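What follows is a short report on a single structure.
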Amino acid sequence: MTELALTGFLGLSAALFVIGIFGMLTRRNFILLLIAIEIAMNAAILNFVYFAAFPAGTNGLSGQSIAVVLVGFAATEVAVGLSIVLALNRVKGTINVARANELKQ
Amino acid sequence: MSLEELAFLALALVAVATATAALLVRELVHTILWVAIFFVDLAAIYFLLDAPFLGVLQLGVYAGAVTILLLFGIMTTRKRFFSREAATGIGPVPVALALVTFIFLVSALGELPQSTTTIASYDPTALSANLFGPNGPWLLLLGLVMLSGVAGAIYLVREGRE
């Protein structure tokens, strides 16, 4: 039987989430931005799976169910994000998000 | 230190290293390689946590579909953006903000019990009963969001607009 402590898992989640935030703040390339969002989202999904595996109550399975749904949401988000990348590339000729500033002007 | 703890430590180190490398390497195709390793590593963590269904889902959706989609996006756009404007430096503000968030999250870990717990394992059959039973509305919502997402994506990439 596997025995593990919860704190290590949550530390890993925190580290991945922070890496995602860091990527979102520093990268200007739209695809790298999407990857950073995916890393942060995966950290959140990992949390659901940990708390499902540490049965303090009786709702362990619900955590895994929500994680399945969240994986679907994240996949949809990547699909829409990539279509925005393609549209931006066609309209502006670049996927640098700093150049997509029409709403600001 | 038990074998499981060693395995988790190794997987966690690989996850953090590959996630960092994915965001810092210069060549975008290398980014995809690192991110693929990151997703496979997360799938291994799911298997370690006795969640085989989620592990396989992670392998199929993330390591398979999302990686290929991102690679496709890079292949269709890479010609033009390897100019100087794409390369941005790392200022002190994002690093400071990330560090503050990390310290805040890790300081909250002190409140938790430090003892080890036995991992609860579930049958995939029980998971499906739960997913389609009490959590059915979430699945319906996911279906609606996916439908509108696909419609929006098709509208965005349609030729002949404007």
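One line per chain: the protein sequences are A and B, in this order.
Here the working numbering is used: the first residue of the first sequence is 104, the next is one more, and so on.
Here the working numbering is used: the first residue of the second sequence is 9, the next is one more, and so on.
Built from N, CA and C at the ideal position, the CB exists for glycine as well.
Here the structure is a predicted model, which is why all the values come from computation and not from measurement.
Next on the checklist: Let me confirm a value: A/V181 is counted as buried when at least 16 other C-beta atoms fall within 10 Å, else exposed. Which label applies?
Outcome noted: buried
Checklist entry - Which stretch, first to last residue, makes up the alpha helix (DSSP H) that contains A/T179? => result 163-195
Checklist entry - From the DSSP output, which residues share a beta bridge with A/E106? => result B/T126
Checklist entry - Hey, is the stretch 111-122 of chain B in contact with the stretch 139-155 of chain A, meaning 3+ C-beta pairs nearer than 8 Å? => result no
Next on the checklist: If we define contact as Cβ-Cβ less than 8 Å, is A/A139 a contact residue for chain B?
Outcome noted: yes
Next on the checklist: Relative to the C-alpha of A/I134, which candidate in B/I111, B/L56, B/L79 has its C-alpha closest?
Outcome noted: B/L79
Next on the checklist: Taking the alpha helix (DSSP H) that B/Y70 belongs to, which residues open and close that run?
Outcome noted: Looking at the DSSP string, B/Y70 is not in any alpha helix (DSSP H), and its letter there is neither H nor E.
Item to check | Between the CA atoms of B/P145 and B/P171 - distance to the nearest angstrom | outcome: Absent from the structure is residue 171 of chain B, since the part of chain B shown begins at 9 and ends at 170.
Checklist entry - When the Cα atoms are used, what is the spatial distance from A/L115 to B/T85? => result 33 Å
Next on the checklist: Is it buried or exposed, A/I198, if we count other Cβ atoms within 10 angstroms and call 16 or more buried?
Outcome noted: buried
Next on the checklist: With a threshold of 8 Å between beta-carbons, can A/F125 be considered close to chain B, or not?
Outcome noted: yes
Checklist entry - In angstroms, rounded to a whole number, what distance separates the CA positions of B/L17 and A/N204? => result 43 Å
Item to check | A/N150: first and last residue of the uninterrupted alpha helix (DSSP H) it sits in | outcome: 133-156
Checklist entry - CA-CA distance, B/L31 and A/I124? => result 11 Å
Checklist entry - What separation, rounded to the nearest whole angstrom, lies between the Cα atoms of A/T179 and A/F157? => result 29 Å
Checklist entry - How should B/D131 be labelled, buried or exposed, when 16 other C-beta atoms within 10 angstroms of its C-beta is the threshold for buried? => result exposed
Checklist entry - Counting only beta-carbon atoms, is B/F110 nearer than 8 Å to chain A? => result yes
Next on the checklist: Residues of chain A with CB closer than 8 Å to the CB of B/L14, please, in chain order.
Outcome noted: None at all; the shortest Cβ gap to chain A is about 11 Å.
Checklist entry - Bridge partners of A/N199, per DSSP? => result A/N132
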